[in-house]
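Heads up, the thing below is written out as structure tokens.
Residue numbers (our numbering): 311 to 483.
If you want it as structure tokens, here you go:
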């Protein structure tokens, strides 16, 4: 094997190890935790039953947070594990986007370092426990930056608008 091939395989192995460690830290996703994310899960479930949010149930957040959990309920059913995995999945996908953008600009190992610093930062580890608009908004914002850097300006604008509509604080101008 050539040295550059060994380095590439080692880099992808290190990245896989980062995500496995992140998944290990998030292993208690099936437990019930205190927080208001249960309200969003319940309203999303009611939406599948025909109840219309913002008319039948008061909800003060923009609809993107409800739509993401609604899609999860449609795909996986009423699974507390799948719903509790949403914030951790958003965090992991955000880390992957950080890796992809950094790798493209600075190389494989810098991308792995940036991904590790993002995934294991205190803020990401704590926010990825609860289903807030922040983790979804960050994922869509990073995706819009990624699309912008790839030259997909129109798609980046659409995804940036979706990111804007995930958190109620961002919708108050």
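Beta carbons are placed, not taken as given, at the ideal position from N, Cα and C, and that holds for glycine.
Residues that residue i bridges to, as DSSP identifies them
i           : result
residue 397 : Residue 397 pairs with nothing; no bridge assigned.
residue 363 : 367
Alpha helix (DSSP H) segment containing residue i, residue limits
i           : result
residue 433 : 432-437
residue 462 : Per DSSP, residue 462 belongs to no alpha helix (DSSP H) and is neither H nor E.
residue 354 : 347-358
residue 484 : Here the chain covers residues 311 to 483 and nothing more, so residue 484 does not appear.
residue 420 : 418-429
Buried or exposed (CB count within 10 angstroms, at least 16 for buried), residue i
i           : result
residue 450 : buried
residue 420 : exposed
residue 352 : exposed
residue 427 : exposed
Per-residue DSSP class, three states only, for residue i
i           : result
residue 483 : At residue 483, the pLDDT of 46 sits below 50, so the modelled position is not reliable; the number obtained from the coordinates is stated separately. Residue 483 falls in the coil class under three-state DSSP.
residue 476 : coil
residue 413 : helix
Nonlocal neighbours in the same chain, by C-beta distance under 6 Å from residue i, ignoring five residues either side
i           : result
residue 325 : 422
residue 439 : none
residue 347 : 440 and 441
Own chain, CB closer than 7 Å to residue i, minus 5 neighbours either side, in chain order
i           : result
residue 465 : 457
residue 469 : 450, 453, 454 and 457
residue 407 : 452, 453 and 456
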